[in-house]
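Visitor: So that we are looking at the same thing, I have put the structure below in structure tokens.
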Amino acid sequence: MASTSHGFNFTPAASSNIDLSSLGSIGIAGDFAGISLFEFEEQSQNSAASSSEGLLARLPNSAFATVLTTDASIMSMCSLVQQDGTDAGVVLGGNFTSLGNQQATAIALFNPNTSAVTPLTGLQGQVNTVFCDDADHSVFVGGNFIGPNSTNAIRWSKENGWTPLPFAGFNGPVKSITRASNGHIIFGGSFTGLGNASTPTRQDEQIVNIASANVSATNSAATAGFSDPSNIVCKTNGLDGAGNTWLLQDDTPGSWEARFSFGFQPSKLRLWNTHLDGRGTQTFRFTALPLNGIMNFTYIDPATGANATCTSECPLSASKDVAFQDFHFVNNVGMDAFRIDISAWYGSGGGLDGIELFENDIFAYAINDFNEPSCAVSASEVSSASTTGPWTVSPSFQSSSEYLTAQLASPISSSSVSVVFSPDIRQSGNYTVNMYTPGCLQDNTCSTRGQVNITVSMVEGAEPTSVQLFQTNNYDKYDQIYFGSVNAPTGAFRPTVTLTPLSGQKLDTMTVVAQRVGFTLLNSTGGLNGLFEYDPTASAVNTSDFSSSAFDTLGATFATHSVVNALATGGDVTYIAGNFTSTAANNIVSVNSGNGSSVQTLAGSLNGGVLSMVLNGTNLFVGGSFTSTESNSVVGLNHVAVFDTGKSTWNPLGAGVDGPVVKVVAMTMNVTTTTPEIVIAFTGGFKNILGYGGNAAVSVDGFAIWVPSQNNWLQNVKGNVQSVDGTLLSSLLDVPGSGALYGGSLSFAQAGTNGAATLTNAGVGSFDIDLLPSPTTTAVASASSTAAAKNAHKRDTLAGSSISGVVTGLFDTNNGRNKTILGGHFSANSSSGTLIQNLLIIDNKNNGVTTGLGSSIDQSSTFVALAVTGDTLFAGGNVTGAINGASVNALVSYNIATDNFNTQPPSLTGGNGTVTSIQVRPSGSDVYVGGTFALAGSLGCPGVCYFSTTAGQWNRPGTNLGTSSVNAMVWTTDSTLLAGGSLIVNNTVSTVLAQYDASKQVWSSFPGGDDGTIPGPVALLALGASDGSELWVAGTAAKNGSLFLMKYDGKKWTDAFGASGTTLGAGTDLRSLQVFSVTSNHAATDLLDAGQVLMLTGALVLPGSGRASAAVFNGKTFAPYALTTASVAGGNSIASVFVENNNFFTASSRGHLPLVAIVLIGLGISLVLMLVIVAAGLLLDRIRKKRQGYVPAPSNYGGLSRIPPQELLESLGRPRPMAPQV
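Quick note on full-length UniProt numbering: the sequence shown kicks off at 1 and runs consecutively.
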């Protein structure tokens, strides 16, 4: 069934129907920053850091769903209304090349009702901002792009399409657009004047490299030295002769053709005619390929000196005094091949002595064969490229040219490969420099593309600048990498652009591509500096006088190289923010259009640049690189601040963040109520929310949310609070009929909680504890990413592992207590403010006071197993420390009632010296400990040992278990213990699953454990039935490292993957198994009864569903159950689910009487049966006596009402009378 929410159709997920009613309190342990139950099919667990960006909408449960995927960023969006008042859709602008599965460059129209995308073709480059103007029902677009007769700014409407602005755009990028209260459109950016792209004054000076083309001809002469069509390439002297001239056969038309591995737009054709023996070409035509279009030319008639035009019969002169003739293309047409057809000739036949093709576009290609030919341009001027590293040439596919590709292995370094582009700049001036990047879909490299660093050196004596670019675009794109002055070569200086991989990227394999760099000369009016006011009702713009505009005049006061990054309008006031200095204000200022267009400062300037801002009511939220007001009158404005426009005051947001903020975006959330409220999201290069006012610093990954209603950061709000993480670059909160839309990559959690969560029928929640999002810090947690990838299916083995977060937990209700215990590798703040490491105790009867074990246990320890018997907590794992002066290893004993350490059992040593499982024997107090160890103190006790709490000593369970490594244990009966791992029984039998008979004190291999039925060491164990007769196991196959999941039904083993026909994907890391009963039966299978499901936790990859941290298996399919968001350390998994009552098997008794009632009924039945038997016995005895002639004794004798004693004695000696005979 589909559920409609906010104009989109979302599909509710099928309920898992897990029965929680008999389990008491339930906890979830893992390594995560938040957790959600899977409720809609559109939910996903892909972390924000690893997910591609897209257009997001909210599900009914507040989670984010991607309605459109993109290959880059949606930088801006607005809702466009048509002239008839209907919604035209949402305009999306950014640096993307695709939306969904559709190619769309920089801008598109999105219909939220149908999810249809309409690309608005015509722009090349990047859109930074879109502003939908309701007054004239059009959208103003700004960015770094070239459009129809306009650069960096243009207008679009559904009725008229693209409409160039009267001033032809700007000579630099536009960052922001708004409408002032007077109806004028305000543009902000890094431009210095109006104007469009311009061709160089020295035109037609870039030479197309025909020397590298594939040249052919038809009907060439057979004469030696004159038949090769390549004779005329790079020949500019006009000399006739063998090797210099190409001739056609006598009196025969023919053609000359060149095919290239790159595309170009020629502006001029130059031909040298032959005069050999009176021959020569009289007329020709030029056909562009693959368009098959005959080109129009203009030329100067050499005979008359007059301008002329030609198309299909362009003439060449027969005069030897005409060295060559130039033909200028009327239209700019792209091509990668052309053909010259000779239709008429002089003398005996046609021919040519030379050919050159010119273009105005200035490119430097990574493949040198595509650059200018060295035979025609001097070495000091020719465009060229130099490379280092293992580059190979890739086909052009759908791109404009072939390009270089390099495959790099981790670690990625900037020194691995490089390309240095050297353009042929003939004219100094202001240029836009663009880097062209081929799309990744065409060469199937999207999964391995990453980032590159671009270093630009354009001005002699100036420091080079750098910019980082993503190469993850699906389709071809270009990015502006430089805007400004470019010097023509002088002496030893040449402008250069250097491309290298960005160092430190976390990619196992990286694909780097390099194609070309383009230079566009700009023509400008000058007179502006980052601000321009445009009256949309004016048909023309006075480009010589900007003094009448308060905005233009204000911009003119800015220092050179100033940038306006953000604009916002509230009432009559337009707020202007960026990186600028002036006599009026620095970095932020306002213009009041209703008060004589006066310039107003905002209670003092900020001491650093502002990169983004958003106006919410009377609160102007800003983000950037500032730390306080310029006068230092308001401190604590670390990169974020809010300006109260009503009170004209600056206020801090807590203590700010520790790095620059690049985007400030409004969004909605249900924070403490079910009513959505507006919150402010900050995205940037910061790592921490700074601590203040009793709030500790919080580690983040460049994303933070300020909650105005709480006057605090979301991470500091107490209680069950949602969490959001990722990157947010744009939003639109009032989409007609569709709620809100967001541009970015966001992860969501119903409960924002680190490493531990609660589970009830109402959903997930948080423990009231302050568990910190800390990265892995154990000395042994140094496994490399390569090793982690190799062990993707394996459970962490503690020694040398990278375990982090909460691993396990338990609820202690013994002896009237109510405590929750969490173990793992984590840090938390105690109730008294001290730091807790790796084991935390919550006293729920004492207002939830949290405590730890103190400093006796090393901080590098990791607890993975817990058990309580009586008042004693046993906690094991990779544990070291010193308690009361004595060293401990692998296991500690703690009095949970008095919160003090007990006298410690002797340490477990040998092997890795770690504990993986602790199981208290049912109906007893002996504590069985499994792991990788050989000794308990001095007692030889390999793999499994038990501690007698009554005797206070270690004991070896049996004597026939050899050197073993145990991963998991479970009691199947009061006297039978199963242990999974790598074990040796009876000195010779290697098994992956063994059983111990505690009554006989003997180990044996469990069926299937030593004959290969179970294909590898068992890592996880779970009971499949309440009587212990059924069993689930999981692990990694010894032969191929694949994951296995198997069920034992008491007689045989069944491969769950094979039986169900489904499996778990590569990269799955299973951490726990548990059978649950369900409230509504599913179809029974051979693997699971109708009333049971198997829950799997870890980092799971589910077929058809993607990643999840918990899943439910019904015997046929795996369905997501819980999703988590990544911790700061990058963890994103659930380690275990722990419960107060282990009543997992309730389905089999559902609908029957309780056990006590059954016992009482049985006793009642037994009593009735006994009464019946007694009554029957009495009746039969009476019949027997009658048949034997029994006569009642007299009731009195001698006046006595009793039988005389002698009569009783005499009867003993009498013989028994015979039975009466009939």
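C-beta: ideal position from N, C-alpha, C; glycine also. It should be emphasised that the depicted structure is a prediction, and the values quoted were computed from it without experimental measurement.
Closer than 8 Å is the cut-off here; do at least three beta carbon pairs connect the segment 604 to 615 with the segment 579 to 594?
Guide: Because the criterion of three Cβ pairs below 8 Å is met, the segment 604 to 615 and the segment 579 to 594 touch.
Visitor: Using 8 Å for Cβ pairs, my map puts residue 637 next to residue 645. What's the rounded Cβ distance?
Guide: Wrong, their Cβ atoms sit about 16 Å apart, outside the cutoff.
Visitor: Is it true that the segment 94 to 101 meets the segment 117 to 133, where meeting means three or more beta-carbon pairs spaced less than 8 Å apart?
Guide: yes
Visitor: Quick check on residue 133: buried or exposed, where buried means 16 or more other Cβ atoms within 10 Å of its Cβ?
Guide: buried
Visitor: What separation, rounded to the nearest whole angstrom, lies between the Cα atoms of residue 541 and residue 193?
Guide: 12 Å
Visitor: Measure the alpha-carbon distance for residue 754 versus residue 36 and round it to whole angstroms.
Guide: One alpha carbon belongs to residue 754, the other to residue 36, and they sit about 13 Å apart.
Visitor: Please classify residue 835: is it buried, with 16 or more other beta-carbons within 10 angstroms of its beta-carbon, or exposed?
Guide: Exposed, because fewer than 16 other Cβ atoms sit within 10 Å of the Cβ of residue 835.
Visitor: Using a threshold of 7 Å, is the CB atom of residue 319 nearer than that to any non-hydrogen atom of the ligand ATP?
Guide: Questions concerning the ligand ATP fall outside what the structure shown contains, since it holds no ligand whatsoever.
Visitor: So who's on the other strand from residue 997, going by DSSP bridges?
Guide: 976, 1002
Visitor: Please report the straight-line C-alpha distance between residue 564 and residue 530, rounded to a whole angstrom.
Guide: 6 Å
Visitor: Could you work out which residue in 177, 148, 898 is closest to residue 551 when comparing CA atoms only?
Guide: 177
Visitor: Considering only C-alpha positions, which residue in the set 303, 235, 826 is nearest to residue 209?
Guide: 235
Visitor: Buried or exposed: which applies to residue 1075, given that a residue is buried once 16 or more other Cβ atoms fall within 10 Å of its Cβ?
Guide: buried
Visitor: Step through the CB atoms of chain B and report whether any lies within less than 8 Å of the CB of residue 219.
Guide: Among the chains of the structure shown, chain B does not appear; only one protein chain is present.
Visitor: Per DSSP, residue 1230 forms a beta bridge with which residues?
Guide: Residue numbering for the chain in the displayed model covers 1 to 1222; residue 1230 lies beyond these limits and cannot be assessed.
Visitor: Taking just the CA atoms, how far does residue 87 sit from residue 1037?
Guide: 58 Å
Visitor: Would you report the Cα separation of residue 766 and residue 718, rounded to the nearest angstrom?
Guide: Approximately 10 Å between the Cα atoms of the pair.
Visitor: Nearest-angstrom Cα distance between residue 171 and residue 155?
Guide: 17 Å
Visitor: I'd like to check one pair, residue 493 with residue 359: are the Cβ atoms closer than 8 Å?
Guide: no
Visitor: Measure the alpha-carbon distance for residue 640 versus residue 666 and round it to whole angstroms.
Guide: 14 Å
Visitor: Measuring CB to CB, does residue 919 end up less than 8 Å from residue 867?
Guide: yes
Visitor: Mapping DSSP to helix, strand and coil, what is residue 645?
Guide: coil
Visitor: Exposed or buried, what is residue 375 when buried is set at 16 or more other beta-carbons lying within 10 Å of its beta-carbon?
Guide: exposed
Visitor: Does DSSP put residue 411 in a helix, in a strand, or in coil?
Guide: Judged by DSSP in its simplified three-state form, residue 411 adopts coil rather than helix or strand.
Visitor: Going by CA-CA distance only, name the one from 1052, 574, 237, 350 that's closest to residue 248.
Guide: 350
Visitor: Leaving out five residues on either side along the sequence, give the residues of the same chain with a beta carbon under 7 Å from the beta carbon of residue 971.
Guide: 919, 921, 922, 977, listed in sequence order.
Visitor: Verify whether the separation of the beta carbon atoms of residue 124 and residue 140 is less than 8 Å.
Guide: no
Visitor: Within a Cβ cutoff of 7 Å, which residues of the same chain sit near residue 1073, ignoring the five residues on either side of it in sequence?
Guide: The answer, listed in chain order, is 1020, 1022, 1032, 1034, 1094, 1096.
Visitor: Going by beta-carbon coordinates alone, are residue 850 and residue 839 separated by less than 8 Å?
Guide: no
Visitor: Using DSSP bridges, identify the partner residues of residue 1092.
Guide: 1077
Visitor: On a CA-only basis, which of 244, 384, 215 is nearest residue 224? Give me that one, please.
Guide: Nearest C-alpha to residue 224 among 244, 384, 215: 244.
Visitor: When burial is assigned at 16 or more other CB atoms within 10 Å of the CB, is residue 605 buried or exposed?
Guide: buried
Visitor: Is DSSP giving residue 919 helix, strand or coil here?
Guide: strand
Visitor: Can you tell me which residues form a DSSP beta bridge with residue 299?
Guide: Paired residue(s): 308, 327.
Visitor: Could you tell me the alpha carbon to alpha carbon distance between residue 436 and residue 405, rounded to whole angstroms?
Guide: 14 Å
Visitor: Would a C-beta distance cut-off of 8 Å place residue 899 and residue 828 closer than the cut-off?
Guide: no
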